[in-house]
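**Q** Chains as they are written, first to last, in the working numbering: chain A, 100 to 356; chain B, 100 to 356. Take this structure first; my questions come after.
Number of protein chains: 2
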Amino acid sequence: MEPSSPEVAAAPTLPAESGLHARVLDHLGTAICGGELAPGSVLNIDELVDRYAVSRSVVREVLRVLASIGFIEARRRVGVMIRPASAWNVFDPQVIRWRLASAGRMAQLRSITELRTAVEPHAAYLAASRIGRDEASDLVGLAAKMWAAGEAGDEERFLHLDIEFHRLVLLASGNEMFVRLQELVAEVLTGRHKHHLMPHHPHEQALQMHADVAQAIQRRDGERARQAMVRLMEQAFDEMKSLWEQTGAPDREATTR
Amino acid sequence: MEPSSPEVAAAPTLPAESGLHARVLDHLGTAICGGELAPGSVLNIDELVDRYAVSRSVVREVLRVLASIGFIEARRRVGVMIRPASAWNVFDPQVIRWRLASAGRMAQLRSITELRTAVEPHAAYLAASRIGRDEASDLVGLAAKMWAAGEAGDEERFLHLDIEFHRLVLLASGNEMFVRLQELVAEVLTGRHKHHLMPHHPHEQALQMHADVAQAIQRRDGERARQAMVRLMEQAFDEMKSLWEQTGAPDREATTR
DNA sequence: AGATACAAATGATATGATCTTTGAGTGGAA
DNA sequence: TTCCACTCAAAGATCATATCATTTGTATCT
Chain A
100 MEPSSPEVAA APTLPAESGL HARVLDHLGT AICGGELAPG SVLNIDELVD
150 RYAVSRSVVR EVLRVLASIG FIEARRRVGV MIRPASAWNV FDPQVIRWRL
200 ASAGRMAQLR SITELRTAVE PHAAYLAASR IGRDEASDLV GLAAKMWAAG
250 EAGDEERFLH LDIEFHRLVL LASGNEMFVR LQELVAEVLT GRHKHHLMPH
300 HPHEQALQMH ADVAQAIQRR DGERARQAMV RLMEQAFDEM KSLWEQTGAP
350 DREATTR
Chain B
100 MEPSSPEVAA APTLPAESGL HARVLDHLGT AICGGELAPG SVLNIDELVD
150 RYAVSRSVVR EVLRVLASIG FIEARRRVGV MIRPASAWNV FDPQVIRWRL
200 ASAGRMAQLR SITELRTAVE PHAAYLAASR IGRDEASDLV GLAAKMWAAG
250 EAGDEERFLH LDIEFHRLVL LASGNEMFVR LQELVAEVLT GRHKHHLMPH
300 HPHEQALQMH ADVAQAIQRR DGERARQAMV RLMEQAFDEM KSLWEQTGAP
350 DREATTR
């Protein structure tokens, strides 16, 4: 069973969001994430009904969803108030997508990368004691394929294998919350790729580290798996550091307290 | 400015959920988390309108929210299908609350504790380089107050100080996503307290470790801060381990793939 | 048997009315 | 003047009903 061929065709973005609800939601979410709707400013329902030329049903449903992710707060006699970024559910995949598409893209990439740095080593550690035999074999196989793709200079394939590798580690951690971070990792890796932050021939070290992680997990050596993953993260972090340094380091993000 | 007196009165749970929307949402969310509505089963809007004796608007808005957190999927000509736990946004605070109130409470506590184990050490590391002078002082002060409360055997106060301590570390990490985990940590600590998992006189070690973390952060020694926090997490993890071992270890949770 | 067309079920959207809450103004009393 | 109680209207919350659009099961036709 090839664990790398069919699954890698994941959904990158859902471009043609059909349905009025999705369209309005996406538009408003983007506007809020992009800062076009500043925190504190107020809207009202009828205004939105006019602006988007949809019914109140649609607008209200959208507002409920936005409220549930902390973007807005509706108050009678006042209207719909935009809430500050500190109130957002920054773990909501939709929010992540919007932020990655907005001006705060770099800040978002940075946050997620730091999160990865924290989580993935522990995930590797846990995976070492929880992974199944077949999964472990797949993992080692993936590392091998990554090596091959790296040698061949096939960036596209390398990216997909990389995503799949980290997905499998998080999955094998047996922690539902870690698993859910897989999509964030995929976004970061893809973003890194799009910004040409990966050397055309991946560092030999990185290839070796992936292999180390896989092997340590298969041998059920959690401590070694963690350390290998730490090294991997350190390298990934360094590679990305140049990104947000060149884009004007947003060292203090939404500390709007 | 006392960082521990006014803030500690956070919202534990919002019991009297006013408004039809909140009531129906809470009821359905609880039912899904509790497994009373099994994955795969289908509802339809009119049925819910009858069951809850509310209007379609209310039901539809609730369903949109549930869909946005991955609980359901609405399909024409079919109805509203309950999705498996693997699709849930397990980072949504509302989901956490529902799960902590359901039969999956232990599994949820376990997941969050593992997440803490991964994140907090790195948060401490980052905090060491990003914390402000005043915050650092507050942190050291908190550790001192924890020591006092531990000595005095004032469990209640100790809990609040503990929550505040970890909140401050996460806040000082400068990572918006880490900050958002603060509420989860608070839930875990409170849960641990409610289940009498904390020794009446907190371990001397734990007190010392909190002090170590605070001091290392203040001295901007990230590596030492991380290591101290790792030890803290290890101890916390051990204390909780007995909990989910006695409750029938749910080692494999929703691996409904 | 297989393709095609029809029809029913169900969510999606639209519309208008009514209820409820709450901010702001208004007036009187201390 | 200052402050409290009262009133009113604005805006969301809820309700009720109707129509549209899509999906899918079924019957019909070849």
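All C-beta atoms in this analysis are idealised placements derived from N, C-alpha and C, irrespective of residue type, glycine included.
Which chain A residues sit within Cβ distance under 8 angstroms of residue 276 of chain B?
**A** Numbered from 1 along the second sequence, position 177 holds the residue referred to as residue 276 of chain B. Within 8 angstroms Cβ-Cβ: 189, 190, 210, 211, 213, 214.
**Q** Are three or more beta carbon pairs between the region 316-323 of chain A and the region 207-217 of chain A nearer than 8 angstroms?
**A** Counting Cβ pairs under 8 angstroms, fewer than three are found: no touch.
**Q** Return no unless some Cβ of chain B is closer than 7 angstroms to the Cβ of residue 167 of chain A.
**A** Within the first sequence, residue 167 of chain A is the residue found at index 68, counting from 1. True, the Cβ-Cβ gap to chain B drops below 7 angstroms.
**Q** Along the chain, where does the alpha helix (DSSP H) containing residue 181 of chain A start, and where does it finish?
**A** Along the first sequence, read from residue 1 onward, the residue named residue 181 of chain A stands at position 82. Not the alpha helix (DSSP H): residue 181 of chain A falls in the beta strand (DSSP E), residues 178-181.
**Q** Roughly how many whole angstroms lie between the Cα atoms of residue 111 of chain A and residue 302 of chain B?
**A** On the first sequence, residue 111 of chain A is found 12 positions in, with the first residue counted as 1. On the second sequence, residue 302 of chain B is found 203 positions in, with the first residue counted as 1. Reliability of the predicted coordinates at residue 111 of chain A is poor, the pLDDT of 40 falling under 50, and the value obtained from them is presented with this limitation in mind. So the two alpha carbons sit approximately 49 angstroms from each other.
**Q** Quick check on DSSP: helix, strand or coil for residue 275 of chain A?
**A** The count along the first sequence starts at 1 and reaches residue 275 of chain A at position 176. Helix, per DSSP.
**Q** With a cut-off of 7 angstroms, does the C-beta of residue 172 of chain A fall near any C-beta of chain B?
**A** Position 73 of the first sequence, counted from the first residue, corresponds to residue 172 of chain A. With 7 angstroms as the cut-off, residue 172 of chain A does not count as an interface residue toward chain B.
**Q** Quick check: residue 339 of chain B and residue 219 of chain B, are their CB atoms within less than 7 angstroms of each other?
**A** Within the second sequence, the letter at position 240 stands for residue 339 of chain B. Within the second sequence, the letter at position 120 stands for residue 219 of chain B. Cβ atoms of residue 339 of chain B and residue 219 of chain B: not closer than 7 angstroms.
**Q** Tell me residue 174 of chain A's beta-bridge partners as DSSP assigns them.
**A** Stepping through the first sequence from its first residue, residue 174 of chain A is reached at position 75. The partner list for residue 174 of chain A (beta bridge, DSSP) reads A:178.
**Q** Determine which residues share a DSSP beta bridge with residue 141 of chain A and list them.
**A** For this step, residue 141 of chain A is matched to residue 42 along the first sequence. DSSP, once it has assigned bridges, lists A:180 as partnering residue 141 of chain A.
**Q** Can you tell me where the alpha helix (DSSP H) holding residue 248 of chain A begins and where it ends?
**A** Working through the first sequence from its first residue, we reach residue 248 of chain A at position 149. Where residue 248 of chain A is concerned, the enclosing alpha helix (DSSP H) stretches over 232-251.
**Q** Would you check if the region 198-214 of chain B and the region 283-292 of chain B touch, i.e. whether three or more CB-CB distances between them fall below 8 angstroms?
**A** At 8 angstroms Cβ cutoff, the stretches touch.
**Q** Tell me the DSSP secondary structure of residue 257 of chain A in three-state form.
**A** Looking up residue 257 of chain A in the first sequence gives position 158. Residue state, collapsed to three classes: helix.
**Q** What residue from A:207, A:154, A:139 has the CA that sits closest to residue 178 of chain A's CA?
**A** Your numbering for residue 178 of chain A matches position 79 in the first sequence. Comparing Cα-Cα distances from residue 178 of chain A to each of A:207, A:154, A:139, the minimum goes to A:139.
**Q** Could you name the residues of the same chain whose beta carbon sits closer than 6 angstroms to that of residue 352 of chain B, not counting the 5 residues immediately before and after it, in chain order?
**A** By one-based count along the second sequence, residue 352 of chain B stands at place 253. Reliability of the predicted coordinates at residue 352 of chain B is poor, the pLDDT of 42 falling under 50, and the value obtained from them is presented with this limitation in mind. These residues qualify, in order along the chain: 206.
**Q** If you check the beta carbons only, do residue 119 of chain A and residue 158 of chain A fall under 7 angstroms apart?
**A** Taking the first residue of the first sequence as position 1, residue 119 of chain A is located at position 20. Taking the first residue of the first sequence as position 1, residue 158 of chain A is located at position 59. No; because the gap between Cβ atoms is not below 7 angstroms, this pair is not in contact.
**Q** Provide the residue span of the alpha helix (DSSP H) that contains residue 311 of chain A, from first to last.
**A** Residue mapping note: residue 311 of chain A aligns to position 212 of the first sequence, counting from 1. Its alpha helix (DSSP H) spans residues 303-317.
**Q** Taking Cβ-Cβ distances shorter than 8 angstroms, what residues in chain A pair up with residue 156 of chain B?
**A** Here residue 156 of chain B refers to the residue found at position 57 when the second sequence is read from its first residue. Within chain A, the residues near residue 156 of chain B are 156, 159.
**Q** With 7 angstroms as the threshold, decide whether the Cβ of residue 217 of chain B is near any Cβ in chain A.
**A** Stepping through the second sequence from its first residue, residue 217 of chain B is reached at position 118. So, interface residue.
**Q** For the alpha helix (DSSP H) containing residue 205 of chain A, name the first residue and the last one.
**A** Mapped onto the first sequence, residue 205 of chain A falls at position 106. Here the alpha helix (DSSP H) through residue 205 of chain A covers 204-229.
**Q** Under the three-state reduction of DSSP, which class applies to residue 111 of chain B: helix, strand or coil?
**A** The count along the second sequence starts at 1 and reaches residue 111 of chain B at position 12. Low confidence applies to residue 111 of chain B: its pLDDT is 39, below 50, so where it sits in the model is not reliable, and the reading given next is rough at best. Correct three-state label for residue 111 of chain B: coil.
**Q** Is the closest heavy atom of the ligand SAM to the C-beta of residue 174 of chain A under 6 angstroms?
**A** This structure simply doesn't include the ligand SAM, nor any ligand for that matter.
**Q** Under 7 angstroms, do residue 327 of chain A and residue 242 of chain A count as touching if we go by C-beta distance?
**A** Position 228 of the first sequence, counted from the first residue, corresponds to residue 327 of chain A. Position 143 of the first sequence, counted from the first residue, corresponds to residue 242 of chain A. Cβ atoms of residue 327 of chain A and residue 242 of chain A: not closer than 7 angstroms.
**Q** Run through DSSP, which three-state label would residue 152 of chain B get?
**A** Position 53 of the second sequence, counted from the start, is the residue given in the question as residue 152 of chain B. DSSP places residue 152 of chain B in coil when its eight states are reduced to three.
**Q** Are residue 306 of chain A and residue 249 of chain A close, meaning C-beta to C-beta below 7 angstroms?
**A** Here residue 306 of chain A corresponds to residue number 207 of the first sequence, with the count starting at 1. Here residue 249 of chain A corresponds to residue number 150 of the first sequence, with the count starting at 1. Yes, they are a contact pair.
**Q** At which residues does the alpha helix (DSSP H) containing residue 130 of chain B begin and terminate?
**A** As a working mapping, residue 130 of chain B is identified with position 31 in the second sequence. Segment 119-132, the alpha helix (DSSP H) holding residue 130 of chain B.
**Q** Please determine, among B:308, B:292, B:124, the residue with the shortest C-alpha to C-alpha distance to residue 324 of chain B.
**A** Indexing the second sequence from 1 puts residue 324 of chain B at position 225. Minimum Cα distance to residue 324 of chain B is reached at B:308.
**Q** Do we get a CB-CB distance below 7 angstroms when we pair residue 164 of chain B with the residues of chain A?
**A** Along the second sequence, one-based indexing puts residue 164 of chain B at 65. Yes - at least one Cβ of chain A is within 7 angstroms of the one on residue 164 of chain B.
**Q** Taking 7 angstroms as the cut-off, decide whether the C-beta atoms of residue 222 of chain A and residue 277 of chain A are in contact.
**A** Along the first sequence, read from residue 1 onward, the residue named residue 222 of chain A stands at position 123. Along the first sequence, read from residue 1 onward, the residue named residue 277 of chain A stands at position 178. Yes, the pair counts as a contact, with Cβ atoms nearer than the cut-off.
**Q** Compare the beta carbon distance of residue 164 of chain A and residue 167 of chain B with 7 angstroms and say whether it is the shorter of the two.
**A** In the first sequence, the residue the question calls residue 164 of chain A occupies position 65. In the second sequence, the residue the question calls residue 167 of chain B occupies position 68. Cβ distance < 7 angstroms, so residue 164 of chain A and residue 167 of chain B count as in contact.
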